[in-house]
Structure formats: structure tokens, C-alpha cells
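Visitor: Our numbering applies: residue 293 is where the sequence shown begins, and numbers increase by one. By construction, the Cβ of each residue, glycine as well, lies at the ideal position given by its N, Cα and C atoms.
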Amino acid sequence: MLSANHQYTEEGFCEGTFSKSDMVWELRKVCEKFVNVQFGQKIRLNEYHKHVISEQQHRELHYELTQVIQKTQLHKELALQNLNHFQHIVGPDIDLQAVPYLRISRPDIKEDNIGLHRDTFYGNTAYELSCIVPLEDFVEGAAVNVMPKSQNLGPLDFERLDHDTITKGSKQNQIGFLYATKEIDDLDRSKLYAPLMKVGDYLMFSLCMIHGQEKNTSGNTRWSIDFRFRNSFSPLNVNLKDNYYTNLVSSAASKLADQYYARNPLEVAEFKSSANRNKLGSA
Ligand SMILES: [Fe+2]
293 MLSANHQYTE
303 EGFCEGTFSK
313 SDMVWELRKV
323 CEKFVNVQFG
333 QKIRLNEYHK
343 HVISEQQHRE
353 LHYELTQVIQ
363 KTQLHKELAL
373 QNLNHFQHIV
383 GPDIDLQAVP
393 YLRISRPDIK
403 EDNIGLHRDT
413 FYGNTAYELS
423 CIVPLEDFVE
433 GAAVNVMPKS
443 QNLGPLDFER
453 LDHDTITKGS
463 KQNQIGFLYA
473 TKEIDDLDRS
483 KLYAPLMKVG
493 DYLMFSLCMI
503 HGQEKNTSGN
513 TRWSIDFRFR
523 NSFSPLNVNL
533 KDNYYTNLVS
543 SAASKLADQY
553 YARNPLEVAE
563 FKSSANRNKL
573 GSA
């Protein structure tokens, strides 16, 4: 078994188990409670698809539950309780995506997934990572794929497809669905790897990695959250919206410097690049 660091460098991703997984179980409880209230009965999350009666009902529930999950900020607590797993890959200064995404992928419903892609197609950089956290054990056919070593591939040919119903800024767009996708041409799907993660496990990968799911072919609904993180000093795409990330933790050196520049803001203008530190001037 490769160390997480070595696996990340070689394969473009790493797998592991959180040292403390209470917050994952808490997130799962939030979902269960919400779903139980919605349906007026106790429902197993992986059997959610058996109870949903319409697309409209599912979309509303997904949107509202995402708001609830985002408000709890439990993903932040999870990262703070497991800092070493994150710092091992990106160092002591970490920015965390301000709000996580909740993914609900029902069996045989292609529209519940984004397909196979690189997030660098959509305004993120290879310096950023995604962390996938299952809320139910992943089973064969339901798991998220990643293509090992796809960081080594050059530019990929793709076809741009506008989505029929999702528009920019719509509710679905806000919770992580795309209004226009880029479908990669001639992808060798035999190279995909879909780890069967259990609750408490994680998968972290660079946003340049080919990843995703085309369709859940299992009989279970997949439930997971994911959120991005990065070294606070890594470059960002100019189009990334403000407040996308918040600072999670800073090294002693960064804290001292942040405090200094809060008192001496004019000096910040002399930096070669000052765009990477959200909190500069506000420490
Ligand atoms: Fe993605």
C-alpha cells in the first residue's frame, strides 16, 4: 500500500480513512432526519429512490437538503478534526470550499450525475483537490470513478453540450449541476477506478484528474458529500467567484504575516501576486 503522499504524486489521488469520523455520521443523520420528515416514515438512504414519486419532488428535496447541509458547516468541522490527512497533501495553510455539495445518485438515472470530466474544464485548477466523503457505503456500480494517472494526459478533445433544462444560476446549477458539459472524446473507460469506500473513508484527487460517474448501475442510491480544498497560496482561476473558499487553517508564519499586513496594507500592493490570500488585510 502506497503512502497517501506517494499515491497522490503517482496516481493523482489518494484514499484513506478519517481518524475521527463523527462528523460524517452526523452528516448522515442530518440527511436521514430530513428524508424521514419529508416522507413521514423511516427510510434507508440507499433505498431513497424507491420512495421518490417525481423528478420535481427529488429536485426540491435535493436542493433544500443541500441548503441544510451547507448551513451546518459540518464539513469544516470534519476537516478540522482530521487536519493531518489534508495537510499531508497540501501543507499547513489550507483553504476549504465554503459550502460542500451533496450528491444523490439514484439507480439508472443518468441526470443525477455529471459524467466523466476534469474540473479544470470548468474554472478550477490542478492545484485544487476534491474530497469525496460517502454517507452510505459505496457498492459496485454506485461508486465514483477516478482515472489513475490521468494528470499525465495532455489536452483532451471534448464536445460541449448545453443542458436541456439546467440554466446558469438555476437551483440545480447552485447545488453542483452544470448548465453546459464537456464530454471527453475517446475515453478508455477500462482505465477507470471506482473504490468501494465505506462511511468514514475519503477519496482525494486533483481537479485535473478525470473523474465522475455516468450512471449508477447498482440497485442503491449513492449518497455522498464532496468539497474542494487547496493550499492557501496556490493560484486560482481568475473567474472563480469570491468567497468560494474560506481559510481553514494557517501556519504560524502565515498568521504572523497576515497580522503584519493587516496593519500595513499598503505593502500588499507590492506583492507579485496578492490574489491568492482571501484573508489578507482582514486578519
Ligand atoms: Fe467534478
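Considering Cα atoms alone, identify which of Ile476, Gln551, Glu420 and Arg395 is closest to Asp254.
Guide: This structure cannot speak to residue 254, because the chain is shown only from 293 to 575.
Visitor: At what residues does the beta strand (DSSP E) containing Ser313 begin and finish?
Guide: It is not in any beta strand (DSSP E) - Ser313 carries neither H nor E in the DSSP assignment.
Visitor: Measure the CB-CB distance between Tyr537 and Ala390 and report whether it falls below 8 Å.
Guide: Cβ atoms of Tyr537 and Ala390: closer than 8 Å.
Visitor: Can you tell me which of Gln349, Lys321, Trp317 and Val316 puts its alpha carbon nearest to the alpha carbon of Phe331?
Guide: Of the candidates Gln349, Lys321, Trp317 and Val316, the one whose C-alpha sits nearest the C-alpha of Phe331 is Gln349.
Visitor: Please state whether DSSP places Ile517 in a helix, a strand or coil.
Guide: Reduced to three states, the DSSP call for Ile517 is strand.
Visitor: Is the number of C-beta pairs between the segment 309 to 320 and the segment 487 to 494 that are closer than 8 Å three or more?
Guide: Yes, the segment 309 to 320 touches the segment 487 to 494.
Visitor: Taking all protein chains shown into account, decide if Ser516 is buried (16 or more other Cβ within 10 angstroms of its Cβ) or exposed.
Guide: Per the 10 Å Cβ criterion, buried.
Visitor: Which residues mark the beginning and the end of the alpha helix (DSSP H) in which Arg351 is found?
Guide: Note, Arg351: alpha helix (DSSP H), Glu347 to Thr364.
Visitor: Give the DSSP-derived three-state secondary structure of Thr538 in the structure shown.
Guide: Thr538 falls in the strand class under three-state DSSP.
Visitor: Helix, strand or coil for Leu375 per DSSP?
Guide: If DSSP states are grouped into helix, strand and coil, Leu375 belongs with the helices.
Visitor: Beta carbon of His409: closer than 7 Å to some heavy atom of ligand 1?
Guide: It does: the Cβ of His409 is within 7 Å (strictly closer) of some heavy atom of ligand 1.
Visitor: For the structure I just gave you, are there three or more beta carbon pairs, one from the segment 398 to 417 and one from the segment 497 to 516, closer than 8 Å?
Guide: Flag = yes, the segment 398 to 417 and the segment 497 to 516 touch.
Visitor: Are the C-beta atoms of His367 and some chain C residue less than 8 Å apart?
Guide: Of the protein chains in the structure, only one exists, and it is not chain C.
Visitor: To the nearest angstrom, how far is it from the Cα of Tyr300 to the Cα of Asn512?
Guide: Going from the Cα of Tyr300 to the Cα of Asn512 covers about 29 Å.
Visitor: Between Ser442 and Lys460, what straight-line distance do the alpha-carbon atoms span, to the nearest angstrom?
Guide: One C-alpha to the other measures close to 29 Å.
Visitor: Please report the straight-line C-alpha distance between Gln577 and Glu324, rounded to a whole angstrom.
Guide: Here the chain has residues from 293 to 575 only, and residue 577 is not among them.
Visitor: What is the DSSP secondary structure of His582, counted as helix, strand or coil?
Guide: Look at the range of the chain in this structure, 293 to 575, and you will see that residue 582 is not part of it.
Visitor: Suppose you measure from the CA of Phe310 to the CA of Ser542; what does that come to, to the nearest Å?
Guide: Looking at the two C-alpha atoms, the distance is approximately 21 Å.
Visitor: Distance check for Thr417 and Phe563, CA to CA, integer angstroms please.
Guide: Rounded to the nearest angstrom, the two C-alpha atoms are 21 Å apart.
Visitor: Grab me the residues of Tyr355's own chain with a C-beta within less than 6 Å of its C-beta, minus the 5 sequence neighbours each way, in chain order.
Guide: So the qualifying residues of the chain are Lys463 and Ile467.
Visitor: Whose C-beta lies closer than 8 Å to the C-beta of Lys402 among residues of the same chain, with five residues either side of it excluded?
Guide: Counting only Cβ-Cβ distances below 8 Å, and skipping sequence neighbours, we find Glu506 and Lys507.
Visitor: On the premise that Phe450 lies in contact with Tyr475, defined as a C-beta separation below 8 Å, what is that separation, rounded to the nearest angstrom?
Guide: One detail in the question is off: residue 475 reads as Glu in this sequence, not Tyr. Between Phe450 and Glu475 the Cβ distance is about 6 Å, and since that is below 8 Å, they are a contact.
Visitor: Which residues in the same chain have their Cβ closer than 6 Å to the Cβ of Cys306, if we skip the five residues on either side of it in sequence?
Guide: For Cys306, where only same-chain residues beyond five positions count, the Cβ hits under 6 Å are Ala296, Gln299, Tyr300 and Met496.
Visitor: Considering only the alpha carbon of each residue, which of Arg320, Leu448, Leu375 and Glu302 lies closest to Arg514?
Guide: Answer by Cα proximity: Arg320.
Visitor: For Ser526, collect the residues of the same chain with a Cβ closer than 6 Å to its Cβ; drop the 5 residues on either side in sequence, then sort them by chain order.
Guide: Excluding sequence neighbours, Ser526 sits near Tyr419.
Visitor: Please say whether Ser524 and Gly433 have beta carbons closer to each other than 8 Å?
Guide: Not in contact: Gly433 and Ser524 (Cβ atoms no closer than 8 Å).
Visitor: Report yes if the C-beta of His503 is less than 7 Å from at least one heavy atom of ligand 1; otherwise report no.
Guide: Flag set: Cβ of His503 near ligand 1.
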